[in-house]
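J.:
There are 2 protein chains.
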Amino acid sequence: MADEDRNLVEILEEHTEIDIAKYINYVSAPQAGAIATFSGTTRDTFDGKTVLELRYEAYVPMAIRCMKSICSSARSSWNLVSIAVAHRLGPVSVGKTSVFIAVSSVHRVDALDACKFVIDEIKASVPIWKKEVYGNGEVWKENSEFLERRKSCCGPKVKVVEEGDSGIGNNEVNQDL
Amino acid sequence: MADEDRNLVEILEEHTEIDIAKYINYVSAPQAGAIATFSGTTRDTFDGKTVLELRYEAYVPMAIRCMKSICSSARSSWNLVSIAVAHRLGPVSVGKTSVFIAVSSVHRVDALDACKFVIDEIKASVPIWKKEVYGNGEVWKENSEFLERRKSCCGPKVKVVEEGDSGIGNNEVNQDL
Numbered sequence: 497m498a499d500e501d502r503n504l505v506e507i508l509e510e511h512t513e514i515d516i517a518k519y520i521n522y523v524s525a526p527q528a529g530a531i532a533t534f535s536g537t538t539r540d541t542f543d544g545k546t547v548l549e550l551r552y553e554a555y556v557p558m559a560i561r562c563m564k565s566i567c568s569s570a571r572s573s574w575n576l577v578s579i580a581v582a583h584r585l586g587p588v589s590v591g592k593t594s595v596f597i598a599v600s601s602v603h604r605v606d607a608l609d610a611c612k613f614v615i616d617e618i619k620a621s622v623p624i625w626k627k628e629v630y631g632n633g634e635v636w637k638e639n640s641e642f643l644e645r646r647k648s649c650c651g652p653k654v655k656v657v658e659e660g661d662s663g664i665g666n667n668e669v670n671q672d673l
Numbered sequence: 497m498a499d500e501d502r503n504l505v506e507i508l509e510e511h512t513e514i515d516i517a518k519y520i521n522y523v524s525a526p527q528a529g530a531i532a533t534f535s536g537t538t539r540d541t542f543d544g545k546t547v548l549e550l551r552y553e554a555y556v557p558m559a560i561r562c563m564k565s566i567c568s569s570a571r572s573s574w575n576l577v578s579i580a581v582a583h584r585l586g587p588v589s590v591g592k593t594s595v596f597i598a599v600s601s602v603h604r605v606d607a608l609d610a611c612k613f614v615i616d617e618i619k620a621s622v623p624i625w626k627k628e629v630y631g632n633g634e635v636w637k638e639n640s641e642f643l644e645r646r647k648s649c650c651g652p653k654v655k656v657v658e659e660g661d662s663g664i665g666n667n668e669v670n671q672d673l
């Protein structure tokens, strides 16, 4: 099986919870001795404010392409068996998972290091926007890592402001996972 | 809740599978934005030999004490919400999980780095012995990390050779997860 066949990259529609067991099962393999995972979950506070939920939007084809590129980069640095990446769109309430990564490998150091690399790269370069919904308002956020990295794998990340949309908020800070 | 209350350390009896969802659920919390996990699984080959299963034995009170000490060490280095550690005893067939770690934190770097630290320390210092069962024989193994570290948190790791037991095998190599 080609490497490419052992990557699973999915962006889930609104109100679809991430089935963690599915992705762990996907990366499980007789030749793998290690599985590392990362879940990014909505936490209840940011900067002293009560967070009710996060809401995600993405330009899906570009986000998928970008996440596949990250998987390829990970394979070029580590000896991996399988990679699974899933990201939700729409509202994600407190305690729920918005992004999940599972990586399997023969030896544990590869899975652990690649898993960290993949989430770092997703935060830094995938065009997915996040709105934080507080008890008293809401604001679009970009990841600080994204702002620090001027060139992403998919080009600049720009949130298009639509009519009735409050637009891009204060991007200097974010709810860093 | 005291830090100690948010650590769950378990050694499971023979033929009890690790319920990964249980441990992920344990570390989930509204204040946590990140959960990192690691699964050590039995892989099908070692050093060119076909592996049928691994078998684990432990001096349970000492292993539990040692794993709790590792959790405390992790908390002294990273800002963590909860830690869960589970290790199976007895036979673990190919593809099944023998050790599972879940760590939650506010920010992702803490969970990811602490998860790696905990599995590295478990491999290096917890008195759990592993027998590799091949198609044509079996051998007790110690982890190479353990042999490299002369002083463990629980003192020297010695496998007691009982009558009818083939004893400690060739310890120079191991099936590193």
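Protein sequences appear in the order of chains E and L. First residue of the first sequence? That's 497 in this note's numbering, and the numbers climb one at a time after it. First residue of the second sequence? That's 497 in this note's numbering, and the numbers climb one at a time after it. The beta-carbon is built from N, C-alpha and C at its ideal position, and this holds for glycine as well.
Candidates L:T533, L:K637, L:S589: which alpha carbon is nearest V605 (chain L)'s?
T.: L:T533
J.: Looking at the secondary structure, which residues open and close the alpha helix (DSSP H) in which L608 (chain L) lies?
T.: 604-621
J.: Give the straight-line distance between the Cα atoms of L504 (chain E) and T537 (chain L), rounded to the nearest whole angstrom.
T.: 20 Å
J.: On the DSSP bridge assignment, give the partners of V599 (chain L) in chain order.
T.: L:A532, L:I579
J.: Determine whether the Cβ of P732 (chain L) lies closer than 7 Å to any Cβ atom of chain E.
T.: Here chain L comprises residues numbered 497 to 673, so residue 732 (chain L) is not present and cannot be evaluated.
J.: Where E634 (chain E) and A598 (chain L) are concerned, what is the direct C-alpha to C-alpha distance, given to the nearest angstrom?
T.: About 31 Å.
J.: Would DSSP call N503 (chain L) helix, strand or coil?
T.: Residue state, collapsed to three classes: strand.
J.: Please report the Cβ distance between A525 (chain L) and V577 (chain L), rounded to the nearest whole angstrom; I am assuming they are in contact, meaning their Cβ atoms lie under 8 Å.
T.: 5 Å
J.: Just to confirm the assignment, what range does the beta strand (DSSP E) spanning K545 (chain L) have?
T.: 545-554
J.: In terms of residue numbering, what span does the beta strand (DSSP E) encompassing K637 (chain L) cover?
T.: K637 (chain L) -> beta strand (DSSP E) spans 633-637.
J.: With H, G and I counted as helix, E and B as strand and the rest as coil, what does DSSP make of P557 (chain E)?
T.: When DSSP states are grouped into helix, strand and coil, P557 (chain E) belongs to the helix group.
J.: Quick one: which chain E residues come within Cβ less than 9 Å of F613 (chain L)?
T.: Neighbours of F613 (chain L) on chain E: none; closest Cβ ~10 Å, over 9 Å.
J.: Measuring straight from C-alpha to C-alpha, what distance separates A607 (chain L) and R571 (chain L)?
T.: 10 Å
J.: Do the CB positions of L508 (chain E) and E628 (chain E) come within less than 7 Å of each other?
T.: no
J.: In angstroms, rounded to a whole number, what distance separates the CA positions of L548 (chain L) and A610 (chain E)?
T.: 28 Å
J.: Going by DSSP, what residues sit across from I624 (chain E) in a beta bridge?
T.: Per the DSSP secondary-structure output, I624 (chain E) pairs in a beta bridge with E:A554.
J.: Does the separation of the CB atoms of P623 (chain L) and Y555 (chain L) fall below 7 Å?
T.: yes
J.: Can you give me the Cβ contacts of G626 (chain E) inside the same chain, cut-off strictly under 6 Å, excluding the 5 residues immediately before and after it?
T.: The sequence as given places Lys at residue 626 (chain E); Gly does not occur at that position. Excluding residues within five positions, the ones whose Cβ falls inside 6 Å are L550, Y552, K637.
J.: Identify the contact partners of G536 (chain L) in chain E, using a Cβ-Cβ distance below 9 Å as the criterion.
T.: G529, A530, I531, R604
J.: Cutting at 7 Å between CB atoms, please list the residues of its own chain near M563 (chain L), excluding the five before and the five after it.
T.: Around M563 (chain L): V505, V581, I618, V622.
J.: Which value, in whole angstroms, describes the spacing of the CA atoms of I531 (chain E) and S535 (chain L)?
T.: 5 Å
J.: Cβ atoms of Q527 (chain E) and R584 (chain L): under 7 Å apart, would you say?
T.: no
J.: At least one CB of chain L closer than 7 Å to the CB of G591 (chain E): is that the case?
T.: Any Cβ of chain L closer than 7 Å to the Cβ of G591 (chain E) would place that residue at the interface, and such an atom is present.
J.: With a threshold of 7 Å between beta carbons, is L608 (chain E) in contact with chain L?
T.: yes
J.: Does V614 (chain E) pass the burial test, meaning 16 or more other C-beta atoms within 10 Å, or should it be called exposed?
T.: buried
J.: When you compare only the Cα positions, how much space is there between P587 (chain E) and T593 (chain E)?
T.: 11 Å
J.: Would F596 (chain E) pass as a contact of I520 (chain E) if the rule is Cβ separation under 7 Å?
T.: no
J.: Counting along the chain, where does the beta strand (DSSP E) carrying V590 (chain E) start and finish?
T.: V590 (chain E) -> no beta strand (DSSP E), and no H or E assigned at all.
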